[in-house]
Each structure stands twice: as structure tokens, then as C-alpha cells.
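Each residue of the sequence shown is one higher than the last, beginning at 102 in the working numbering.
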Amino acid sequence: MDVFSRKEFGYPFKLDLKLIQGYGGPSPIVRGAVVMDLHKLNKIIEVNEKYAYALVEPGVSFFQLYEYIKERKLNVWISAPALGWGSIIGNSLDRGWGYTPNGDNCSHICGMEVVLADGTIFRTGMGQLEQAKCWQLFKNGYGPGFDGLFNQSNFGIVVKMVYTISVNF
Ligand SMILES: Cc1cc2nc3c(=O)[nH]c(=O)nc-3n(C[C@H](O)[C@H](O)[C@H](O)COP(=O)(O)OP(=O)(O)OC[C@H]3O[C@@H](n4cnc5c(N)ncnc54)[C@H](O)[C@@H]3O)c2cc1C
């Protein structure tokens with residue numbers, strides 16, 4: 102596993118997950134907090150021009166995705182906040198806004214892969230079904246939805262996110 106393993110952390114290890122209050126930051130607010138620097142998990146796994154989505158890791162910044170799209174002349178565009186060097190996943194989880202009419206980044210989350218405190222890896226949306234081919238397309242999945250649990254919460258570490266982008270008409 103990329104983020105942490107039970108062995109590495111010497112489980113049983115109690116992860117005390119504190120609620121964040123929105124527009125958080127990387128500085129710990131309580132003693133004994135574990136700070137995880139995810140900036141090296143910076144793969145843009147896929148950008149799909151036809152269906153307008155990007156599958157990214159937590160270290161991918163808005164600038165990085167913008168450059169990726171520009172270099173390949175893809176006919177899509179993203180809605181970057183002022184903090185263009187910030188993480189797409191961090192800002193979207195934090196309910197951030199970019200500067201276009203499609204700026205509500207949180208509503209662009211179309212599925213996540215999350216590592217929970219006990220090491221369980223969990224996917225939201227259609228990603229819950231192993232054979233689903235439309236994780237990146239249909240955010241609701243089946244049954245109860247869990248995406249909102251990870252907004253401004255620190256209830257899990259999001260290691261992949263499907264981020265809907267806009268087609269450039
Ligand atoms: C100069 C400046 C300009 C800004 N302009 C804007 C703006 O225009 N629009 C806007 O919306 N916001 C803006 N903000 C706020 C900023 O975008 C948010 O605070 C944003 O979430 C910070 O991104 P980050 O990559 O630094 O994330 P971090 O500060 O590292 O993380 C933000 C929070 O999300 C959590 N988090 C991050 N990654 C993960 C993950 N993978 N899994 C689980 N939790 C995670 C962290 O624990 C933290 O609480 C601005 C901030 C600054 C300093």
C-alpha cells in the first residue's frame with residue numbers, strides 16, 4: 102500500500118481522527134498528531150477528454166493538471182482556485198471553489214479511494230463494485246453514499262479521486 106501499512110505503523114496503532122473545521126491546513130492542532138505528507142503521490146492516472154474527468158492522486162496540484170491538459174492540447178478545462186499550487190484532492194475535500202461557473206470543486210468529486218484508520222481501503226460510488234467500469238462516470242453508485250463523510254472530516258486518507266472537469270465547448 103502506498104500511504105501506510107500496518108507493519109510500518111506497528112499496528113495496533115490508534116489513529117485519533119479529529120474533525121477539521123473547513124479550509125484547514127497541514128499544521129497539527131493537537132499534540133501527538135501524525136502528519137502525512139502526500140505530495141509525492143502525484144500521479145495523474147488518467148485524464149479522459151471524451152467523458153471529461155481526471156483520476157488523480159493527492160499530490161496532484163491544479164497547476165500540474167492544467168499543464169498536463171495544455172501539453173496534450175486536450176479539449177477540457179479545470180476550475181482552479183487562487184491556490185493553484187494546492188492539491189486538487191485537498192481543496193475538493195475542503196469544499197473549495199475555483200474561479201469559473203463550475204467552481205464548486207466538492208461537487209466535482211465522482212468517487213474516491215480512501216484508506217481508513219484501520220488500514221481498510223474503501224472506494225465510494227461505483228468503485229465499490231469490483232467489476233464496475235463506470236466509477237469515473239456515475240458518482241452515486243448503489244445504496245447509501247459515503248462521499249460526504251470525507252469532506253472536512255479527516256475520517257480517512259483519500260489516495261485517489263475522480264475529479265470531473267469541463268468540456269471546452
Ligand atoms: C493564498 C491562498 C489562497 C487561497 N485561495 C482559495 C481559493 O481561491 N478558493 C478556495 O476554495 N480556497 C482557497 N484557499 C484555501 C485553500 O484552497 C484550501 O485550504 C485548500 O484545501 C488547501 O489545499 P492544500 O493542498 O494546501 O491542502 P492542505 O492544507 O494540505 O489540506 C487541507 C485539509 O484537507 C485535508 N486533506 C488534504 N488532503 C487530504 C487527503 N488526501 N485525504 C484526506 N484529507 C486530506 C487536510 O487534513 C487538511 O485539513 C486559499 C488558501 C491560500 C493560503
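C-beta: ideal position from N, C-alpha, C; glycine also.
Beta-carbon spacing of residue i, residue j below 8 angstroms
i, j, result
"Phe247", "Thr225", "yes"
"Ser208", "Ile189", "no"
"Tyr152", "Gln237", "yes"
"Lys261", "Leu175", "no"
"Tyr154", "Cys211", "yes"
"Val136", "Pro127", "yes"
"Tyr222", "Glu231", "A quick correction: the sequence has Ile, not Tyr, at residue 222. Contact: no."
Closer than 7 angstroms: residue i CB and nearest ligand 1 heavy atom
i, result
"Pro159", "yes"
"Ile179", "no"
"Asn255", "yes"
"Pro202", "no"
"Trp236", "no"
"Asp248", "no"
"Leu166", "no"
"Val135", "no"
Close Cβ partners of residue i (< 8 angstroms) along its chain, the five nearest in sequence each way excluded
i, result
"Leu250", "Phe256 and Gly257"
Own chain residues within Cβ distance below 6 angstroms of residue i, not counting five before or after
i, result
"Met227", "Ala233, Cys235, Trp236, Phe239 and Gly242"
"Arg173", "none"
"Val263", "Tyr154, Leu156, Cys211, Gly212 and Gln237"
"Lys144", "Glu158"
"Leu139", "Pro159 and Gly160"
"Ile146", "Leu156"
"Ala181", "Phe163 and Gly199"
"Gln229", "Gly242"
Residue nearest to residue i in terms of C-alpha spacing, selected from the options
i, options, result
"Trp198", "Ala183, Glu168 and Cys211", "Ala183"
"Thr201", "Phe164, Glu214 and Trp178", "Trp178"
"Val148", "Thr265, Asn269 and Phe270", "Thr265"
"Ser267", "Gly191, Phe223, Leu166 and Leu217", "Leu166"
"Asn269", "Leu230, Pro129 and Asn203", "Asn203"
"Phe185", "Gly244, Phe164, Arg132 and Gly133", "In the sequence as displayed, the identity of residue 185 is Gly instead of Phe. Residue Phe164 is the option with its Cα nearest to Gly185."
Close-in-space but distant-in-sequence residues of the same chain around residue i (CB under 7 angstroms, 5 per side omitted)
i, result
"Asp205", "Trp198"
"Glu150", "Leu175, Asn176 and Val177"
"Leu60", "Because residue 60 is not part of the residues shown, which for the chain are 102 to 270, the question remains open."
Residue(s) in a DSSP beta bridge with residue i
i, result
"Thr265", "Tyr154"
"Arg224", "Glu214"
"Asn149", "Tyr154"
"Trp178", "Ser267"
"Trp198", "Asp205"
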